[in-house]
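Protein sequences, first through last, are from chains U and E. Going by our numbering, the residue at position 299 of the first sequence is 299; the numbering climbs one at a time, nothing skipped. Going by our numbering, the residue at position 67 of the second sequence is 1067; the numbering climbs one at a time, nothing skipped. Data first, discussion second: the structure below is written as structure tokens.
Protein chains: 2
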Amino acid sequence: MTKTIADIAKIAGVAKSTVSRYLNGGSVSDATKKKIELVINETGYIPNTFAQSLKAKKTNIIGTIVPRLDSYAASNTLIGIDEHLRDQGFQMLIANTNQDLEREIESIYSFERQKIAGIILLATVITEAHLEALASVQIPVILVGQQDEHTYSLIHDDFSAGYDLATYILNKGHRKIAYLGVTEADISVGVKRKTGFTTAIENYPECEVHYYESGFKIKDAMGVALKILSECKPTILFCATDNIALGALKAAYIKGLKVPEDISIVGFGGYEITEVIHPALTTAKFYYKEAGQLAAQNIVRLVNGEKVEKLTISKYEIIERESVDKLN
Amino acid sequence: MTKTIADIAKIAGVAKSTVSRYLNGGSVSDATKKKIELVINETGYIPNTFAQSLKAKKTNIIGTIVPRLDSYAASNTLIGIDEHLRDQGFQMLIANTNQDLEREIESIYSFERQKIAGIILLATVITEAHLEALASVQIPVILVGQQDEHTYSLIHDDFSAGYDLATYILNKGHRKIAYLGVTEADISVGVKRKTGFTTAIENYPECEVHYYESGFKIKDAMGVALKILSECKPTILFCATDNIALGALKAAYIKGLKVPEDISIVGFGGYEITEVIHPALTTAKFYYKEAGQLAAQNIVRLVNGEKVEKLTISKYEIIERESVDKLN
DNA sequence: CTCCCTTTAGGAACCGGTTCCAAATTTACT
DNA sequence: AGTAAATTTGGAACCGGTTCCTAAAGGGAG
């Protein structure tokens, strides 16, 4: 039988309020402090979280909505969030939506019902329903990965990364390029990375670029890459994510093409695996863990009523490895 | 301003208890049902979870303690757990311990304090402190990945997987083997897989086996594998996890060895990436997602007071791919 | 039209904390 | 020692639901 604060009070011979004050650092004399401490240690009393939250009308829980658990980006962002929240005395509650947009919306409302202090939404696309939910909810929200003017957002610098990586391969002499992108519903990955790429390309009018669209899964990308390699002969496959690049790598292998001698490949993300495969992948690395920490930092500030920039941009870095050939 | 049940009652012109009964399916006349429904729809009233849990003295939340988020095994197990819990109307609360055993213990107590209905512990090692915590806690617990006689456990069939995979490579003619294992503190991965392996090896007394120990990280494994390849010349690197195999693959590449022509490699896990790299890795695949579902199923049964087997064993499969050479 | 039984509705107590307020005690100072 | 001020303590109300108990209303049978 777990004890309540009333039990403790009775055993210690004091009032409930005194025990509560003892626990929350109010004014209690040393003598009674001793008495209460003794009883609490003996009984192993633990306050009931619900009763506390009921009175406080809020929790110290930050809800994180994540489209999928099995992705490098998501995992590492979560790790960063968790790390910082723990430091700040908050708890992280994860809602996995399994890429179901409707569940994303549901989760927002469910968090509200549970009096969650704040929400971090690892977003892929922002629909009308999202905006409606975010507007109606009375708790602070931060978007990670996508930007929206109506909310606080933390994004990776997709445009610049796209621009820089394109410039890098252009400097390596590549002019015949296949761009393997994703749906434009995903503003960050589908639009911004591509815009960064095309903006860099514009400086080299002699370029021949073919655009393709793939899903996010390695196997989808492999299928598309296989088709590309049959149709035309680019010197490089410019892939919008590392997973797509992994699929492209596999496709090249299947076609008997050597990377980077026969064809070069680049990706975006900086997943751990890209470093240890052969050939190691040249990629634009994003700092997911740090981004998660930043997001957590911002949400804590918002919860505490402090001011936060509407838009935070997380850094990236071009990691030069083995998958890009220098053309003469 | 969010409304309370008392507000709804007042607006609808009924008593709190009537509204509560309406919400929880008690006897309410059609006329008052209509009235209350109307008010609730208009106000967008949502019951306060804390007040509910306070009275009910329990939650419908299952706590899952996970050593790390960025692992294929952990992610997929979580996905399986989440899927089944959602079906059953439970919520999953994840506690990430970042491989800190102390935090694992803390999390158990923290879950108890929060009146979590049940705990799923994705375990790596079970210490005295674990047993003590598990014994003291009044809520059902299921261990996943490790076995302990004092609790309910769900494990992968590591012994048989080790035995079968060893038998497989033995049949392929390999006799000079380097075994790349992990710490024996991890009973499942460090001991059982290895025991399965050695048991199979005993049938072939002419074998020459060298045992090595690595960490779980790809880079650690790469370092150890590099050392092995300098020291001796096995025909196969038998790795206790896919990540270790990935490190071994990289080491082989660095050494200029072709896989599988110059050296064969196998692992355990069945991570998605092992299928798309070149060469694709032969491995003992575990069904993490299904294991998670099983674990969730069992914890729900325990929470409902139903009977559950002390030990559940999840299946595995040997996936034959390209990384093992057949020796004549 | 009663009488009795079944529904429906309201009131109060309760879950386990926190907080406000007033009373009691201690401390400090003249 | 006496009084004002500061500190400590207890009691009661409150947070927002659920549930028990009782009273009132509705319905059916005689």
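Backbone N, C-alpha and C define an ideal beta-carbon position, used for all residues, glycine too. Every value quoted in this text rests on a predicted model; they were computed, and no experiment measured them.
- Note on the segment 1061 to 1148 of chain E: whole alpha helix (DSSP H) runs with a minimum of 4 residues are 1072 to 1087, 1101 to 1113 and 1128 to 1136, in chain order.
- Contact between V1182 (chain E) and E1231 (chain E) fails: their C-beta atoms lie close to 19 Å from each other, not under 8 Å.
- At least one CB of chain E lies nearer than 7 Å to the CB of H278 (chain U).
- The C-alpha of I254 (chain U) is placed about 29 Å away from the C-alpha of Y1288 (chain E).
- Counting of Cβ neighbours within 10 angstroms places S1264 (chain E) among the buried residues, the total reaching 16 or more.
- By the 16-neighbour rule on beta-carbons within 10 angstroms, K192 (chain U) is buried.
- Around the C-beta of H1084 (chain E), 16 or more other C-beta atoms lie within 10 Å, and the residue is accordingly described as buried.
- At a cut-off of 7 Å, the C-beta of Y1288 (chain E) has no neighbouring C-beta in chain U.
- In this structure, V66 (chain U) places its C-beta atom within 7 Å of the C-beta atom of A74 (chain U).
- Beta-carbon to beta-carbon, K1115 (chain E) and K1055 (chain E) are separated by about 12 Å, too far to satisfy the 8 Å threshold.
- At a C-beta separation below 7 Å, R113 (chain U) has these neighbours in chain E: I1046 and T1049.
- Annotation: the continuous beta strand (DSSP E) that includes S1264 (chain E) extends over S1264 to G1269.
- Taking 7 Å as the threshold, the shortest C-beta distance from Y1022 (chain E) to chain U does not fall below it.
- A distance of 7 Å or more separates the beta carbons of Y1168 (chain E) and T1199 (chain E).
- Assignment of alpha helix (DSSP H) within the segment 159 to 247 of chain U, counting only whole runs of 4 or more residues, yields 193 to 201 and 218 to 231 in chain order.
- Identification of residues in the segment 1240 to 1270 of chain E having a C-beta nearer than 8 Å to some C-beta of chain U yields L1246, G1247, L1249, K1250 and Y1253, given in sequence order.
- Listed by position along chain U, the residues whose Cβ is nearer than 8 Å to that of I1108 (chain E) form an empty set, because the closest Cβ is around 13 Å away.
- A Cβ of chain U is located within less than 7 Å of the beta carbon of D1082 (chain E).
- In this structure, F1268 (chain E) and A1284 (chain E) form a Cβ contact; the two beta carbons are roughly 5 Å apart against a cut-off of 8 Å.
- Under DSSP, H1156 (chain E) shares a beta bridge with E:S1314.
- Taking the Cα of V1308 (chain E) as reference, the smallest distance to any Cα among E:V1039, E:N1048, E:I1299 and E:L1134 is reached at E:I1299.
- If you look at A1284 (chain E), you'll find it in the beta strand (DSSP E) that goes T1282 to F1286.
- N1076 (chain E) is classed as buried because its beta carbon has at least 16 other beta carbons within 10 Å across all chains shown.
- Look at the segment 66 to 82 of chain U: the residues with a C-beta under 9 Å from a C-beta of chain E are R68, L69, D70, S71, Y72, A74, S75, N76, L78, I79 and D82.
- Taking CB atoms only, I1218 (chain E) has a neighbour in chain U less than 7 Å away.
- In the pairwise beta carbon analysis, the segment 1097 to 1115 of chain E is classified as not touching the segment 1307 to 1325 of chain E: fewer than three pairs are separated by under 8 Å.
- Counted as a single uninterrupted DSSP element, the alpha helix (DSSP H) harbouring R21 (chain U) occupies residues K16 to N24.
- About 25 Å separates the CB atoms of A135 (chain U) and H156 (chain U); that is not less than 8 Å, and the two are not in contact.
- Taking the Cβ atoms as the reference, Y1204 (chain E) lies roughly 6 Å from L1170 (chain E), within the contact range of under 8 Å.
- Approximately 16 Å separates the beta-carbon atoms of L1069 (chain E) and I273 (chain U); this is outside 8 Å, ruling out the contact.
- With the criterion set as a beta carbon lying under 7 Å from some beta carbon of chain U, the members of the segment 1091 to 1103 of chain E are L1093, I1094 and N1096, in sequence order.
- Closest in alpha carbon position to V19 (chain U), among U:Q297, U:A6 and U:G256, is U:A6.
- Straight across, the Cα-Cα distance linking L226 (chain U) with D186 (chain U) is about 24 Å.
- When CB distances to chain E are screened at a threshold of 8 Å, the residues of the segment 203 to 227 of chain U falling below it are I218, K219 and M222, in chain order.
- Exposed is the label assigned to Q138 (chain U), since fewer than 16 other Cβ atoms lie within 10 Å of its Cβ.
- Residues of the segment 51 to 63 of chain U with a C-beta atom less than 7 Å from some C-beta of chain E are A51, S53 and L54, listed in chain order.
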